[in-house]
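Working notes, structure below.
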Amino acid sequence: MSSHTGQPTLPGGEPLDVNDPRLSRFDIVREGARRDDIEIVHYEPQVAPGTKAERRLVRTVAGFFLLTGLAATAFLAVYIWWPWEYEPGRGGDKLYTPLLGVTLGVALLAVGFGILTWGKKLLPKEVSIQDRHVGAPSSEDQRLTSETMAYMADELGVKRRPLLGVSLLAGLAPVAAVAAAPLVGGLISDPHKDNQLMTTGFTPRDGQKIRLVREDGRPIRPADISAGGQITVFPGVEHGVSNQYADSPTLLIHLREEDAVESRRNNERAGHDGYMWGNYAAYSKVCTHAGCPASLYEQQTNRLLCPCHQSQFLITDNAKPIFGPASRRLPQLPIEVDAEGYFVAKSDYTEAVGPDFWERP
Amino acid sequence: MKRRKFDVAAVPGNAARAVDDRFGVATPLRRLLNKVFPDHWSFLLGEIALFSFVVLLLTGVFLTFFYEPAMTEVIYNGSYAPLRGTPMSAAYASTLDISFDVRGGLIMRQMHHWAALLFMAAIVVHMLRVFFTGAFRKPRETNWIIGSLLFWVGFLAGFTGYSLPDDGLSGTGLRIASAIMLSIPVIGSWVTAAVFNGEFPGTIIISRFFIAHVLLIPGLLIALISVHLGLVFTQKHTQWPGPGRTNGNVVGERMFPRYAIKQGGFFMVVFGVIALMGGLFQINPVWLFGPYEAWVVSAASQPDWYVMFLDGSTRLMPDWEITIPIGEGYVIPPLFWPTVVLPGILVAISLFYPFMEARHLKDYRSHNLLQRPRDVPFRTGLGVMAVTFYVILTLSGANDVIADKFQISLNAMTWAGRIGLLLLPPLAYYVTYRICLGLQQHDREVLAHGVETGIIRRLPDGRFVEVHQPLSAGNGHGELDYAGWVVPKKMNRLGALGPAIRGFFYPIERPVEAPVSPGHPPVEPRPEREEVTSGETRP
């Protein structure tokens with residue numbers, strides 16, 4: 001066979017007799033391909049058997065496979081004997097994962113390159129052409145199938161006996177609902193139960209106002225925060241400092257004198273007079289946009305920035321959003337100091353805390 | 001006793017006959033072995049996704065043996081000293097244990113994460129290949145739809161998996177997801193309460209995400225991938241145009257052995273690269289983020305790369321809140337548009353694009369030949385427009401980091417993103433369109449006039465002209481049709497120049513040859529390639 005025949009010559013004549021002893025194995029292979037409408041038009045070994053080039057390639061491939069064995073063994077050795085348990089500081093254990101990665105990676109890459117070299121360099125190159133049979137599902141075939149299906153419908157006779165169809169649909173529709181009911185019914189949970197969307201941990205309990213506490217649970221005196229400072233506070237209830245009260249974290253800010261004056265004026269304008277205590281104001285830390293903690297407080301400009309989507313709130317103007325995607329100001333917690341000199345919440349927040357939703361009043 | 005004669009050489013043949021007599025596999029097996037696949041580097045991109053998925057399954061199964069999907073509060077008492085004594089969820093504690101107390105657990109975790117990132121990246125790049133070459137056209141619209149769905153299901157798989165460690169970063173992501181559900185008009189609060197079983201975060205979301213991540217979503221992925229591959233198989237792969245290639249044939253290699261061997265080797269290479277990345281490059285060091293606490297977040301909190309475009313769209317969205325003054329008043333928060341409506345539009349456009357294009361072009365024929373991007377300027381333009389849109393959103397998802405590193409005002413970054421999102425995509429469309437036309441024009445020029453030779457000739461009247469080598473016989477003017485395939489543009493592509501200089505670091509110079517007499521050729525002809533000896537000779 002010549003290495004290139006130019007035009008594919010599809011089998012026009014008789015199929016070969018595959019039992020003909022004169023045929024080589026390749027002839028039979030090609031005959032098989034032909035019967036699948038595949039013509040091998042170009043078949044060319046890349047290396048001649050017994051040449052230097054072949055021996056070199058064989059050595060390369062073998063080298064890759066042996067490297068795999070070596071690297072895989074190294075992986076096992078590292079896995080078993082290298083110190084792996086975590087120790088603080090710069091221990092040898094810090095190299096454990098990198099060494100596993102390198103040995104495993106080299107082992108896999110080497111076997112990969114070995115296989116690729118074998119396939120790409122040692123195997124003969126070929127060009128085969130397969131017929132796609134575009135438009136082969138002939139219109140005749142399509143017609144035969146569609147008539148068969150139409151005949152099935154005739155046999156069922158739904159057209160003549162419409163009651164069967166209607167009753168089947170009417171009967172099956174509730175079955176579908178039966179399948180869906182336990183899932184929907186099991187998952188559904190009333191979002192308005194206990195008014196949970198509107199309340200936080202600062203709701204007074206048994207007429208007792210809730211203290212503002214630090215992360216370690218200690219209550220806070222006004223003198224604990226210097227002017228211009230701020231602190232994250234939590235409701236002083238059981239589990240108040242936990243994700244159970246994810247909507248309750250609040251930022252308690254000690255404003256400087258002139259900022260406090262402006263802030264109080266804006267409070268009064270918004271109908272929030274008395275929400276501040278002295279120069280102290282408390283705003284919800286949960287961003288009204290997507291619920292991240294708005295936690296970056298810029299002392300000089302009195303802006304609070306949420307690091308998730310960069311909404312910025314102006315604390316001295318009722319925490320009004322002044323930049324970014326947030327559309328609603330941070331709710332303010334009305335605060336005062338109790339008889340023992342600790343901060344308490346006068347009442348719960350007077351509006352919904354956290355991200356916005358459809359039925360928020 | 002007489003020893004029975006046993007012909008070892010006949011065993012495979014007999015066994016094969018025995019199998020075929022019972023199952024009738026010979027013909028279908030031969031068809032499979034002989035199936036022809038066209039070859040091109042760009043056809044391998046989807047396979048990277050497939051192979052990454054296999055690695056995901058392997059490493060994922062390992063991780064499930066040690067991960068505990070529970071939000072019960074525990075006090076950490078493992079090897080990682082800085083967090084000892086910290087209250088945290090059991091999920092986070094078991095993730096720390098995988099990282100520090102399970103031998104080889106960290107590399108599995110990191111390989112799983114890297115494979116997930118690679119899976120999504122390969123899907124996107126593969127999708128771009130399919131789009132820009134028109135491989136989605138009839139009859140392959142269904143496979144395009146399945147591919148688009150695979151992206152979104154992969155997105156869900158990534159997000160649920162990202163949330164499982166319940167660390168400070170992923171908890172914030174979950175918080176934002178709850179806010180997104182909450183922002184849906186009318187049913188938002190009901191959806192959130194159903195998913196979280198009450199208020200965020202509740203105590204059940206991690207176990208629900210776990211079962212979605214290890215059972216429901218992988219099941220869906222496997223089903224979609226199977227159909228995807230099955231369709232590639234039955235519809236046969238598209239091919240580039242070229243000599244001998246028509247809409248009605250496939251020119252390439254038979255699947256076995258060479259093509260299959262190359263696939264197997266490629267799988268090992270992908271696996272090996274993921275192993276190297278998992279070992280050498282740290283990813284998602286959850287122990288640095290601490291457990292999720294609703295009041296803690298840090299700057300530069302970025303999600304995985306494939307979620308960043310949604311983060312970006314959320315950041316760029318202006319604070320447009322729609323209030324509906326009925327009864328007590330209802331609200332559509334600004335969060336709804338970039339996180340629910342925008343992905344919805346993107347899904348719809350990607351799903352229906354093949355049908356929209358066919359309708360626009362009134363082209364309802366089957367296409368098995370690919371198109372070069374330059375040959376369909378409007379589609380290429382649209383694709384580049386979409387990529388520009390996506391890149392701006394993704395960059396905006398990291399605009400705080402960019403602002404910080406390059407000392408730019410954060411607000412300026414946001415505004416640049418907002419304006420850029422409106423202006424740059426149309427501009428990209430126009431520029432791409434013109435580039436496509438220019439490339440086409442140059443191809444046509446070469447077909448009409450030939451390849452530039454670099455030889456300048458001075459004419460008798462003093463003018464200088466460059467000599468062109470025509471591509472066809474004769475004077476080569478206007479004889480070649482534009483075929484939508486590569487046109488040689490350099491002399492060495494025609495085989496008209498000598499081979500490149502040999503040598504890696506410095507050229508290997510041959511000793512200067514003695515001047516040859518005119519009768520002898522200066523260079524010896526290349527040795528003929530040996531013929532294949534197959535028994536048959538063709539005329």
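Quick note, the sequences are listed as chains A and B, same order.
Heads up: the first sequence begins at 1 in this note's numbering, then just goes up one per residue.
Heads up: the second sequence begins at 1 in this note's numbering, then just goes up one per residue.
Cβ atoms here follow ideal geometry from the backbone N, Cα and C, with glycine treated the same way.
For Gly201(A) and Thr301(A), the gap between their C-alpha atoms comes out near 30 angstroms.
Counting C-beta pairs closer than 8 angstroms gives three or more between the stretch 231-245 of chain B and the stretch 138-145 of chain B, which meets the contact rule. In terms of CA proximity to Asp356(A), Ile187(B) leads the group Thr394(B), Asp363(B), Ile187(B), Leu96(B). Within the same chain, Ser409, Leu410, Ala412, Met413 come within 8 angstroms of Ala403(B) by CB-CB distance, once the 5 residues on both sides are set aside. The C-beta of Trp320(B) comes closer than 9 angstroms to at least one C-beta of chain A. The beta-bridge partner set that DSSP reports for Ile456(B) consists of Glu466(B). At a beta-carbon threshold of 7 angstroms, none of the residues of chain B lie near Gly240(A); the nearest stands roughly 11 angstroms away. In the DSSP assignment, Ser226(B) falls within the unbroken alpha helix (DSSP H) covering 217-235. Taking 9 angstroms as the cut-off, the beta carbon of Pro218(B) is found closer than this to the beta carbon of Leu57(B). Note that the stretch 349-362 of chain B does not touch the stretch 333-341 of chain B; fewer than 3 beta-carbon pairs, one per stretch, sit closer than 8 angstroms. Boundaries for His192(A): no beta strand (DSSP E) harbours it, and the DSSP string shows neither H nor E there. With contacts defined by Cβ atoms closer than 9 angstroms, Arg35(A) and Pro15(A) form a contacting pair. Residue burial is scored here from C-beta neighbours: Asn19(A) has fewer than 16 other C-beta atoms within 10 angstroms and is therefore classed as exposed.
The continuous beta strand (DSSP E) containing Asn249(B) extends over residues 249-254. Taking the C-beta atoms as reference points, Ser189(A) is found nearer than 9 angstroms to Ala193(B). Straight-line spacing of the CA atoms in Phe136(B) and Leu369(B) works out to 11 angstroms.
Minimum Cα-Cα distance from Gly264(B) among the listed residues Leu231(B), Phe196(B), Leu50(B), Val446(B) corresponds to Leu50(B). Chain A has a Cβ within less than 9 angstroms of the Cβ of Phe271(B). Within the stretch 256-288 of chain B, the runs of alpha helix (DSSP H) at least 4 residues long that lie entirely inside it are, in chain order, 260-280.
Taking 9 angstroms as the CB threshold, Gly63(A) stays off the interface with chain B.
Take Leu83(B), set aside five residues on each side of it, and the residues of its chain with a beta-carbon closer than 6 angstroms to its own are Tyr76, in chain order.
In this structure, Leu255(A) places its C-beta atom within 9 angstroms of the C-beta atom of Tyr280(A).
Burial check for Thr160(B): the Cβ neighbour count within 10 Å reaches 16 or more, so the residue is buried.
Secondary structure note for Met71(B): it is in no beta strand (DSSP E), with a DSSP letter that is neither H nor E. Looking at the DSSP output, Thr323(B) sits in a beta bridge with Val331(B).
When secondary structure is reduced to three states using DSSP, Arg22(B) falls in the helix class. By the Cβ test, the stretch 302-311 of chain B is in contact with the stretch 378-398 of chain B, since at least three Cβ pairs between them sit closer than 8 angstroms. A Cβ-Cβ contact shorter than 9 angstroms links Leu99(A) with Trp82(A). If you check the CB distance, Pro334(A) and His272(A) come in under 9 angstroms. At least one C-beta of chain A is nearer than 9 angstroms to the C-beta of Gln110(B). Three or more Cβ pairs closer than 8 angstroms define a contact, and the stretch 24-41 of chain B falls short of that threshold against the stretch 169-179 of chain B.
Under the Cβ criterion (8 angstroms, minimum of three pairs), the stretch 50-69 of chain A counts as touching the stretch 119-136 of chain A.
In the structure shown, Tyr353(B) adopts helical secondary structure according to DSSP, grouped into three states. Counting along the chain, Glu298(A) sits inside the beta strand (DSSP E) bounded by residues 296-298.
Between the beta-carbon of Val384(B) and that of Gly134(B) there is about 15 angstroms, and that puts the pair past the 8 angstroms contact cut.
Met308(B) has a beta carbon lying at 9 angstroms or more from every beta carbon in chain A.
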